[in-house]
Amino acid sequence: MSRQILIVGYHRSGTSAMAQNCHAASMFLGENLLAASTTNIYGHFEDTDFVSINQALLQLNYEGWYLSSEFVPVIPRKMRTVASDMIAKRDAEYEFWGFKDPRVCVLLDFWNSVLPDPRYLICLRHYRGCIESVVRRGLKDVYGARERAAAILAAEAFNHDAICMNWCVYMSNVLRLLRHHSDKCIAIEVERLDPTFSLSSLMNQRFHIDLTPITIGQTFDPSIYKKATKSTVDVSPWLLEYAERLWGELCLYSTDAETLKASA
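Next comes the structure, spelled out in structure tokens:
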């Protein structure tokens with residue numbers, strides 16, 4: 182039976198870097214990958230076919246990636262069929278394969294229901310780092326936009342409450358996955374990564390696949406996630422308290438330091 186690997190995590194939480202490392206270690210992530218951009222210069226490593234399904238499901242439910250509250254998506258039978266056919270095709274061609282898209286976080290129940298044997302590589306990054314990175318990305322979008330569009334983008338970029346709530350929605354779904362399927366997950370705190378750590382070796386051990394053993398440092402510099410972030414962000418106290426509590430619970434499932442060393 183083929184095994185499917187989903188690389189999930191909030192936007193700007195290291196999913197692209199992790200996917201890049203998996204790709205270099207011989208994991209098939211798709212033939213038509215999203216191109217690099219000014220805010221992701223090494224590439225997104227997102228299969229456009231799977232991204233299209235996620236975008237369509239959110240649009241059909243009148244939502245976008247930036248949703249600020251929990252929702253239960255309505256899944257049309259046609260979309261389920263399209264996804265199942267794509268999965269069957271990949272399973273027939275590869276012993277293991279994967280795909281990456283942060284939107285999967287809010288569609289986990291759907292993907293868990295259509296994938297026959299999924300495993301999850303989860304990228305954990307503290308909400309402060311995510312907020313700051315989303316703001317920086319938003320500002321780059323502002324500089325490239327015009328007049329009214331720039332004003333709208335600027336308002337979104339500086340709305341720390343909205344970004345933090347978005348992070349909470351995504352990661353509360355991830356926490357549910359970890360609570361019920363921790364045996365199928367590897368959760369990594371990207372801010373704790375060492376360049377000598379071999380993610381592919383750990384995945385081989387846990388997921389019983391056959392990636393080429395390489396280190397994290399062979400494809401990217403993990404120190405970019407360790408840069409000092411502001412001790413405080415402009416987030417409402419009640420939301421800050423909720424986000425901090427959620428982060429603490431997520432970290433309970435994080436791969437421990439000894440395991441990270443052992444896989445190096």
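Heads up: the sequence shown begins at 182 in this note's numbering, then just goes up one per residue. Think of the CB as a built atom: it goes at the ideal place given N, C-alpha and C, for glycine as much as any other residue. Here the structure is a predicted model, which is why all the values come from computation and not from measurement.
Does the beta-carbon distance from residue i to residue j come in below 8 angstroms?
i	j	result
GLU227	LEU305	no
ASP395	MET384	The sequence given here places Ile at residue 395; Asp does not occur at that position. No, Cβ-Cβ distance for ILE395 and MET384 is not below 8 angstroms.
LEU392	ALA206	yes
TYR351	VAL287	yes
SER249	ALA343	yes
GLY429	PRO283	no
THR400	ASN202	yes
With a 10 Å radius around its C-beta and 16 neighbouring C-beta atoms as the bar for buried, classify residue i as buried or exposed.
i	result
MET182	exposed
PRO257	exposed
MET199	buried
PRO297	exposed
HIS341	buried
TYR243	exposed
VAL285	buried
THR436	buried
ASN213	exposed
LEU173	Because the chain here runs from 182 to 445, residue 173 falls outside it and cannot be looked at.
TYR406	buried
GLY245	exposed
ALA424	buried
HIS361	exposed
ARG271	buried
THR262	exposed
Please state the DSSP three-state secondary structure of residue i.
i	result
TRP278	strand
ALA200	helix
PRO299	strand
ASP290	helix
VAL371	helix
THR415	For the record, residue 415 in the displayed sequence is Asp; it is not Thr. Three-state result, ASP415: coil.
ASP391	coil
ASP437	coil
ARG193	coil
PHE209	strand
ARG184	strand
LEU305	strand
ASP364	helix
ASP266	helix
ASP228	strand
Between residue i and the rest of its own chain, which residues show a CB-CB distance below 7 angstroms, the 5 nearest in sequence each way excluded?
i	result
LYS281	ILE188, THR196, ALA200, LEU210, PHE226, GLU227
SER314	ARG193
For residue i, which residues of its own chain have a beta-carbon under 8 angstroms away from its beta-carbon, when the five flanking residues on both sides are left out?
i	result
LEU431	LEU305, MET352, VAL355, LEU356, LEU359, ALA368
LYS365	PRO299, ARG300, TYR301
LEU420	ASP342, CYS345, MET346, CYS349
ARG387	ARG300, ILE367
THR229	GLY211, ASN213, LEU214, LEU215
Please work out which residues of its chain come closer than 6 angstroms, Cβ to Cβ, to residue i, disregarding the five sequence neighbours upstream and downstream, and give them in chain order.
i	result
VAL414	ARG309, ILE312, HIS341
PHE277	ARG184, ILE390
SER404	none
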